Amino acid sequence: MFLLFATVIAMGQTVPGGQAMPGKKRMDVTVPFAGNGQQLADSEFMFVTAVCSRLNIMPILVKYETVKGYWEHQRKPGVTGPVRPPFLVVHGNVMYDLYYQSNADTPYLQKESYQHTLTTVLTVKVKDQYPMHVAFTTRMGNSPLYRNLTDFNLQFTNRDFKDMLMQRAQGWDGLRLKQWKYLDSLKGVINAKEQEIGRLQHWDQDPSQLLKLIQIRERQLYGRLNDSIGRLKDSLAGRLHGPDSLRHDNGADSLMARYKAQYEENKQKLDSLQAALAKLQRLYDVKNRQFGGDKKQLLLGALNGRGSNKEMADKLENMNLPDSVLPKGYRQLLAVRSFGIGRTMVNYSELTAKNISVLGMQVEYNPSYYFAFATGVVDYRFRDFVSTQNRTHQYLNLIRIGTGNKDRNNIILTYYTGRKQLYNFNTTVTDSTPIAPQDYRIMGLSLEGHWALGKNTSITGELAKSSLPYYARAEHGESVMGSVLQLHDHTNEAYSIKAISLIPQTGTRINASYKMMGANFQSFSLYTTGSRQTAWNVRVDQPFFKQRLMLTGAIKKNEQVNVYQLLNYNSSTVFKSLQATLRMRKWPVLSVGYFPSEQITKLGDGRLAENQFYTLVGTASHFYKYHHIMMSTILSYTQFYNKQADTSFLYFNSKNILLNHTVFLDAFTINGSLTDAINTDYKLYGIDGSVQWKLRSWLTVGGGMKYNWQTTYNVAHIGYTGMCRVVIPKVGELALMADKGFVPGVNRQLVANNTGRLTYTKTF
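As structure tokens, this is what we get:
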């Protein structure tokens, strides 16, 4: 038995431990005591391996000569197949927000209002190959000014699909990634040797070497001249001054010898480098063919190319890439510029549909030809308020067909139709007699062309013709399509041209546009009708001092878009704006702007009044480090140039100054600000400070105080703010905010406004 145990010890493996192995079969082995009276026991396991099982023996220090062992049956690991990606991979966030406000800071009287908002934004990958974006939002509250909304959007763009292909191209698989890194390092060695060869090839042409050679030649010539003069002196004096006559000559000869030696050394080094470079280049070519490095460069070049989507797909197809890089249907998906269901944005052209929010579907498909389609409900003349009135149903149907690349040269024909309510918010009733509903349908055709004139200039031109308004058609009894096809009537026509250019030598960017719309022209980009409209806009961006200073100037006419304008409104005001931004390293960012604004007011008798005013804004912001502490400082100045009769703003023709400073410490964020609001009636001074303390990685609390002093009325107001943010693992982030502030009230005095917000956010 002793020999058996000794054999076990000799053949076994030692695994640290000392605890019994639960769930294993136990057996006892009797072992005699050692000659010195100590038991052959230890605090380690002893294993004896076999083909499919092993013998585990755990010696334990016990009183008797017995060792307790455990028998474990080890199964052979099964063969696992390739891991399949899940059908859906979802990442994104979910946010719930509850907002409370005791007094609304609006021209409308509203008290004790609250609003619930639930929003989620998701990035979805189907089979880890097809990326999409999903967004959902719903909002409800007790405010009479805001109606409850629920929107959904599913969006796919070829931009996201290209980004996914780029990521796969960068890391094809682990082996190829290592191979490409090897190729990159080998290419770096080749580039270094090429630079060294270039340096040696032009060594003798370097200005310093040429100067040195000239100096050596001069010393040789000077030495020979001194030698001839010295020999003449020696003959006259009867003695020869050997060292003096040979000093210059020997020095020049030694310099020339060293120069020739260095030349021969560089020549030999150049020959060896050229031989080594040829060997490295052959090795790089062989490895590049083996690793498929050309495919990677071709793949990245195809995805970054400026050709059409069809040309891109043809290049990818000729590369014979595996399915792990190019999924099925990639040719069609690369041609899908955008596809959306739900609440989508339709932005096609200046004269058809521009920046229109549609609840429906839209798609853009652009391989070598162009096709676009959009349909859905349009919320025209209805913002979030006035929810108690019945809304007239409005819709848009649009089809675009053309040829060329949407981002380069193209010609596109557009047909649009739908219903747009511009004339009344809803069908009214007078003396209990309903007014007959009018035919508000519109229809039109547009032809648009885009031309790229080189790399830095592009021109877009468009002409369109629409149906006549319902009141103009009623005079002649024409149909909607019939009014479109009347070529002799030019009142329902529109023209547009736009140019964008960059001057590389000066970095100047120029944007210019011009539009002319007839009195009876109708589209989903134009709100007004009934008067001939002309609009133009010119903007120039000019950098100075190596992009440190940027000047922006703009001038425009009739470019304001307002859904509450009267139908025959036509503005002749020319607005000017100017902005300058200075960015210098280690200096604050300075920005100054002079911007126009306007306010459209509908008077009680149906007339329209337009008021203009300008705003001067100047800011200086700096993010810096002081004594290893990060800080941020912002100084802002704002001034309105208007009159009390020009606007309903309470602070007309006012000046506002703000100074804000923030200090970022390890666990604290300290913020303080000073404000000064000056108008013709009084001055309002304010000071506030707040602190946020990160107690733990999952807990942040903060609070602050604010003080306001209003002159003329000599009233002081004290407010406060508080916040708390808690991060719960696997649950999300919970944030709570409360604030007591002040808003303008009646008689130009401040009234208290209590706000609160509860927010829950989960990111996954």
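What the sequence shown shows, in the working numbering, is residues 105 to 868, in sequence order. All residues carry an ideal CB built from backbone N, CA and C; glycine is no exception. For clarity, every value in this text was computed on a predicted model and none was experimentally measured.
C-alpha distance - residue i paired with residue j, whole-angstrom precision
i    : j    : result
L249 : T859 : 18 Å
W802 : P848 : 38 Å
F256 : Q853 : 43 Å
G508 : T656 : 33 Å
L304 : V390 : 28 Å
N207 : G845 : 10 Å
L840 : I294 : 60 Å
M236 : K690 : 41 Å
M827 : F768 : 17 Å
Q646 : K602 : 19 Å
S461 : Q436 : 26 Å
T779 : Q219 : 30 Å
K759 : L720 : 9 Å
Q498 : T479 : 11 Å
V238 : G790 : 43 Å
M465 : D267 : 24 Å
K205 : N818 : What sits at residue 205 in the sequence shown is Gln, not Lys. Going by the C-alpha atoms only, they are around 26 Å apart.
F149 : T865 : At F149 the pLDDT is 44, less than 50, meaning the model places this residue with poor confidence; the figure from the coordinates comes in the next sentence. If I take the Cα positions, the gap works out to 51 Å.
A658 : K680 : 6 Å
V230 : Y434 : 14 Å
K661 : I516 : 28 Å
N197 : F477 : 31 Å
G141 : P833 : Because the pLDDT of G141 is 44, which lies under 50, any placement of that residue in the model is unreliable, and the question is left without a value.
F77  : D483 : Past the boundaries of the shown model lies residue 77; the chain is included only from 105 to 868, so the question cannot be answered.
A771 : Y811 : 26 Å
E837 : K215 : 29 Å
V855 : I822 : 11 Å
L557 : L606 : 11 Å
R512 : I505 : 16 Å
Boundaries (first-last residue) of the alpha helix (DSSP H) holding residue i
i    : result
M585 : V584 to V588
L438 : Y434 to A439
R577 : Y574 to H580
Limits of the beta strand (DSSP E) - the one that residue i falls within
i    : result
P552 : It should be noted that the sequence gives Glu, not Pro, for residue 552. E552 -> beta strand (DSSP E) spans R545 to A556.
R504 : Y499 to G508
W813 : L803 to Q814
Q743 : I733 to Y745
E454 : Element bounds for E454: n/a, residue is neither H nor E.
P647 : Q637 to F648
M621 : T612 to M621
G196 : L192 to N207
L778 : F772 to I782
N594 : This sequence places His at residue 594; Asn is not what is there. From DSSP, H594 is part of no beta strand (DSSP E); its letter is neither H nor E.
V64  : Since the displayed the chain opens at 105 and closes at 868, residue 64 lies outside it and no answer follows.
P848 : G836 to P848
P235 : Y234 to G245
M654 : L653 to K661
K759 : K759 to F768
S794 : K787 to R800
L253 : L253 to T261
K569 : T561 to S570
S461 : I460 to Y469
Contacts around residue i, its chain only, beta-carbon distance under 7 Å, and the 5 residues preceding and following it disregarded
i    : result
S453 : T518, S550, E552 and E566
E298 : L381
Q378 : I301
L455 : S550, E566, A568, A598, S600, S627 and S629
Cut-off 8 Å between Cβ atoms - residues of its own chain near residue i, not counting five sequence neighbours on either side
i    : result
K729 : M735
M571 : A quick correction: the sequence has Ser, not Met, at residue 571. So the list reads R545, I546, M547, G548, R577, V584, M585, S587, V588, N596 and Q626, once near-sequence residues are dropped.
D488 : Residue placement at D488 is flagged as unreliable, the pLDDT there being 48, under the threshold of 50; a coordinate-derived value is accordingly withheld.
Y388 : L287, L290, K291 and I294
L384 : L290, V293, I294 and K297
Cβ-based neighbour list, residue i, same chain, cut-off 6 Å, excluding 5 preceding and 5 following
i    : result
H726 : P692 and T737
T223 : M199 and T241
T766 : S736 and N775
S740 : T723 and L762
T863 : D201 and A839
Y824 : M809 and K844
T221 : D201 and R243
*Just checking, does the stretch 285–303 make contact with the stretch 444–464 on the three C-beta pairs under 8 Å criterion?*
no
*Are there three or more Cβ pairs, one per stretch, closer than 8 Å when the stretch 582–595 is compared with the stretch 610–619?*
no
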